[in-house]
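Protein chains in written order, with our numbering: chain A, 1355 to 1736; chain B, 11 to 273.
Worksheet for the structure shown next.
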Amino acid sequence: MTLKEENHSEENLPATPHHEVFVAIDGFALLFDVLKSSGFQIVGPTIDQDAIVYDQIDSVDDLPKGWTDVQKPGLYRLNQRNDDKLFGYNVGPHSWKKYLFPPNVALSIGKKNEDGWEFQEAPDDPPKLAFLGVRACELAAIRIQDRVFVGGDYVDSTYQKRRQRILIIAVNCTQAAETCFCTSMDTGPRCTDGFDLALTELDDGFLVEASTPEGKAIVDQLITLEVTRKQQQSAELARQNAVDQIKKRMDTTEIRDLLMSNLEHARWDEVASRCLSCTNCTMVCPTCFCSSVEEVSDLAGENVERRRQWDSCFNLEFSYMNGGVVRDSTRSRYRQWMTHKLATWIDQFGTSGCVGCGRCISWCPVGIDLTEEVAAIRKDAP
Amino acid sequence: MSGKPRLGVFKFASCDGCQLSLLAAEDQLLGVADTVEIAYFLEATSRIQPGPYDIALIEGSITTQHDVERIKQIRADTHFLVTIGACATSGGIQALRNWSDCDEFVSSVYATPDYISTLATSTAIADHVKVDFELRGCPINQYQLIEVIQSVLAGRRPRTPVHSVCLDCKRRGTVCVMVAQGTACLGPVTQAGCNAICPEYNRGCYGCFGPAAQPNLVSLTDQFSANGMPREQIVNNLRSFNGNSPEFRVESDRIQAEQDGEQ
Ligand code: SF4
Ligand code: SF4
Ligand code: SF4
Ligand code: SF4
């Protein structure tokens, strides 16, 4: 996927994975026009309901200019910054999975006619989307969902179709929230691959790095300048700032065996006394992929639709099988979630299911922090 | 069931809102109307036919001795009895009387208290007779109601989820008001059914659909306290439309007792 670039002249610069150019802040609006004229709808960060969410955006004015977030377990607050940064925040309640793995989607339809039933796939023609503002942990999450949905023997066509039509414009974090722990999961904060373009925001513009022909084609239509040594240094400093701000850690040493050999640990009861089994952590997690499928019919029973919705291992009914519910307690549901995410996911997909984005910590209404749960179990390990 | 199944809709102590939801489901209702015979539905028609009924929909709670006798008769006349709404299912907002002195209310509200004959409590239909299916909500969700009627007619189990409001809240992309605004929300312990409408309008869930399956009330109210909500207000939050449902009642009583213990 790397582009062959002619040698970029400045010497003694820290190595960057791809050729970088500078786009001044007043030239940034042009990106929106170029994306639109290339047939993309743009989705990216914008403020709604007191949070920075991902939604369709039309221009630079829709971005959360001058805003940031403060996050703690069970808490998220918007705060005004003392500058005009457009991407000076960390990940919020939404993740990109809502565009690739929609919360509610029709899979197939059935119609009754004189001869019986006629079944077909539901019509599905997703738009070309440009994701603007994807963070390193989110690139890792998309990589994980790629593995889950299209990387095995059974390909999910709903996901695949959407995935093939997106352009990813990543943004390197220049700060971190209290809930971030990408450094422990080896997923960030630096965007290294999995994007078409990656931006690093400076006071007066962006360093822009293209890593695919599609990304390069976009950059070629922008007004760009050579990157100066000073800009390069400021970008390094800004990116290092994110690394320095990450305080949360999760020790992942032998984590699979640690959790799987502690299935009867008393901590599961303790966390179950706090857990609401409300499903929020799984809904906000950018890698959680569970869903349930149901048939919906009109009253006459002549038009039937098979629909898929996000579902969760915290939903009591999710483990319902003929005769009853398999995971009939919050203890068993929390344990299922955490051991799957951090342990058996590795057996299943060859990677952890956690990218360290911290969403499940911030958006848990009672502030349960999985890194603390792991630490509590590890503390008693021999 | 031979011929068209006979449907009865009966009202006890209630605001009629659930029956209105039924009427508001006009389009779907017309479809159902062909498949059932509406034998008793005062809100829609004054033509009354005696039982037996194949399906009875019961709105409202039991608040008088006369109610107690009437529900027993309806039960005896009915094959499949469905309660609709918070009043019928948990006693409704009028169950607030269960924590107060009802005689005092009567004497301060009515000019001639002697004319009033009432029980000291408002209770759910299931406290008096066997209920075959409880449809939650204040008011009920008309699509769920149609689903219940359809499934009873088809002889299958109604699909009404027992999960929390949070799942629907997240599916529709609403930002959690509890986390982002510090607003107390009963969504994590409340059964879905409303499509999480209140958080979408920046309000906490009021618990209209009653307790979700296996709700953890203590953890949630601890969090309300940690967010600075006074105990008195937590008790008031729990004692609303479904305040008399067992899980909400036990928790509001627990907090009330804690508060009383401190005074
Ligand atoms: S977890 Fe890392 S990459 Fe993700 S938002 Fe936080 S600092 Fe950025
Ligand atoms: S860990 Fe938190 S967000 Fe997840 S189900 Fe439990 S209470 Fe809900
Ligand atoms: S488990 Fe939590 S921290 Fe890890 S990826 Fe999911 S939401 Fe992010
Ligand atoms: S706003 Fe309420 S219902 Fe929605 S996720 Fe938060 S706690 Fe749950």
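Ideal Cβ placement from N, Cα and C applies to all residues, glycine included.
Keep in mind it's a predicted model, so treat the numbers as computed, not measured.
Pairwise C-alpha distance: residue j and residue i
i, j, result
"alanine 190 of chain B", "valine 199 of chain B", "18 Å"
"glutamine 1499 of chain A", "leucine 1493 of chain A", "10 Å"
"leucine 230 of chain B", "valine 1720 of chain A", "7 Å"
"aspartate 37 of chain B", "aspartate 44 of chain B", "12 Å"
"isoleucine 1396 of chain A", "arginine 213 of chain B", "30 Å"
"leucine 1384 of chain A", "cysteine 215 of chain B", "43 Å"
"isoleucine 48 of chain B", "aspartate 87 of chain B", "15 Å"
"serine 110 of chain B", "aspartate 77 of chain B", "21 Å"
"methionine 11 of chain B", "isoleucine 72 of chain B", "Residue confidence for methionine 11 of chain B is low, a pLDDT of 45 falling below 50, so the modelled location carries little weight; the figure read from the coordinates is stated next. Rounded to whole angstroms, methionine 11 of chain B to isoleucine 72 of chain B spans 29 Å at the Cα level."
"aspartate 1723 of chain A", "glycine 1559 of chain A", "36 Å"
"threonine 93 of chain B", "arginine 57 of chain B", "22 Å"
"threonine 122 of chain B", "aspartate 113 of chain B", "12 Å"
"serine 1565 of chain A", "phenylalanine 1549 of chain A", "7 Å"
"threonine 1533 of chain A", "isoleucine 68 of chain B", "49 Å"
"glutamine 224 of chain B", "arginine 1628 of chain A", "13 Å"
"glutamine 243 of chain B", "alanine 1697 of chain A", "42 Å"
"threonine 1356 of chain A", "phenylalanine 1485 of chain A", "Residue placement at threonine 1356 of chain A is poorly supported in this model, since its pLDDT is 35, which falls under 50; the coordinates are not used for a value here."
"arginine 1621 of chain A", "phenylalanine 1672 of chain A", "23 Å"
"threonine 131 of chain B", "cysteine 28 of chain B", "21 Å"
"valine 1679 of chain A", "histidine 173 of chain B", "13 Å"
"glutamate 1568 of chain A", "phenylalanine 1386 of chain A", "15 Å"
"tryptophan 1664 of chain A", "lysine 180 of chain B", "9 Å"
"valine 185 of chain B", "tyrosine 1408 of chain A", "11 Å"
"alanine 66 of chain B", "asparagine 108 of chain B", "27 Å"
"leucine 163 of chain B", "glutamine 59 of chain B", "20 Å"
"serine 161 of chain B", "valine 42 of chain B", "11 Å"
"aspartate 1380 of chain A", "proline 1481 of chain A", "28 Å"
Short Cβ contact (8 Å threshold) for residue i with residue j
i, j, result
"serine 1631 of chain A", "phenylalanine 1668 of chain A", "yes"
"phenylalanine 22 of chain B", "alanine 134 of chain B", "no"
"histidine 1694 of chain A", "glycine 1704 of chain A", "no"
"lysine 82 of chain B", "valine 139 of chain B", "yes"
"alanine 1626 of chain A", "arginine 1685 of chain A", "yes"
"alanine 1490 of chain A", "glycine 1420 of chain A", "no"
"alanine 35 of chain B", "glutamine 152 of chain B", "yes"
"glycine 1446 of chain A", "aspartate 1423 of chain A", "yes"
"leucine 1389 of chain A", "isoleucine 1520 of chain A", "no"
"asparagine 1578 of chain A", "valine 1414 of chain A", "Here residue 1578 of chain A turns out to be threonine, not asparagine, going by the sequence shown. No."
"tyrosine 1430 of chain A", "serine 1716 of chain A", "yes"
"valine 1641 of chain A", "alanine 1730 of chain A", "First, the amino acid is wrong: residue 1641 of chain A is threonine here, not valine. No, Cβ-Cβ distance for threonine 1641 of chain A and alanine 1730 of chain A is not below 8 Å."
"leucine 129 of chain B", "threonine 74 of chain B", "yes"
Contacting residues, own chain, Cβ-Cβ under 6 Å from residue i (five flanking each side not counted)
i, result
"arginine 241 of chain B", "Ile265 and Gln269"
"threonine 1537 of chain A", "Ile1600"
"alanine 1460 of chain A", "Ala1476, Glu1659 and Arg1661"
"tryptophan 1691 of chain A", "Cys1667"
"phenylalanine 234 of chain B", "Ala194 and Ile244"
"methionine 188 of chain B", "Cys195"
"isoleucine 126 of chain B", "Val116 and Tyr120"
"histidine 89 of chain B", "Asp64"
"methionine 1637 of chain A", "none"
"alanine 1596 of chain A", "Cys1527, Thr1528, Gln1529, Ala1530 and Pro1543"
Own chain partners of residue i with C-beta closer than 7 Å, once the 5 adjacent residues on each side are dropped
i, result
"tyrosine 1453 of chain A", "Val1397, Leu1483 and Arg1516"
"alanine 1589 of chain A", "Thr1554, Leu1556 and Leu1561"
"arginine 259 of chain B", "Gly253"
"glycine 70 of chain B", "Lys21, Phe22, Ala23, Ser24, Cys97 and Ala98"
"glutamate 257 of chain B", "Pro221, Pro225 and Leu227"
"phenylalanine 1473 of chain A", "Ser1462 and Gly1464"
"glutamate 1624 of chain A", "none"
Own chain residues within Cβ distance below 8 Å of residue i, not counting five before or after
i, result
"threonine 1512 of chain A", "Phe1455, Pro1456, Val1459, Leu1461, Asp1478 and Arg1662"
"lysine 14 of chain B", "Thr45, Val46 and Glu47"
"asparagine 226 of chain B", "Pro198 and Val199"
"glycine 217 of chain B", "Leu196, Val199, Thr200, Asn247, Leu248, Ser250, Phe251, Asn252 and Phe258"
Environment of ligand 4 in chain order, Cβ to heavy atom below 7 Å: A:Cys1632, A:Asn1634, A:Pro1719, B:Ser174, B:Val175, B:Cys176, B:Cys179, B:Lys180, B:Thr184, B:Cys186, B:Val187, B:Met188, B:Val189, B:Cys195, B:Gly197, B:Pro198, B:Ala206, B:Pro209, B:Gly214 and B:Cys215
Beta strand (DSSP E) runs contained entirely in the stretch 38-83 of chain B, provided each spans 3 or more residues
47-51 and 63-69
Select from the stretch 1397-1430 of chain A all residues with a C-beta closer than 8 Å to any C-beta belonging to chain C, and list them in chain order.
Of the protein chains in the structure, A and B, none is chain C.
Original post:
Which runs of the alpha helix (DSSP H) spanning at least 4 residues fall entirely within the stretch 109-139 of chain B, listed in chain order?
Top reply: 112-119
- Which whole runs of the beta strand (DSSP E) in the stretch 1505-1575 of chain A are 3 residues long or more, in chain order? 1520-1525, 1551-1556 and 1559-1564
Query raised in the report: What residue ranges within the stretch 1653-1727 of chain A form continuous alpha helix (DSSP H) runs of no fewer than 4 residues, ordered along the chain?
Result: 1684-1693, 1699-1703 and 1713-1716
Enumerated in chain order, which unbroken segments of the beta strand (DSSP E) with a length of 3 residues or greater are wholly contained in the stretch 1375-1438 of chain A? 1395-1402, 1405-1410, 1421-1426 and 1429-1434
Self-check item: Contiguous beta strand (DSSP E) assignments of at least 3 residues, all confined to the stretch 1441-1506 of chain A
Solution: 1458-1467, 1470-1475 and 1483-1488
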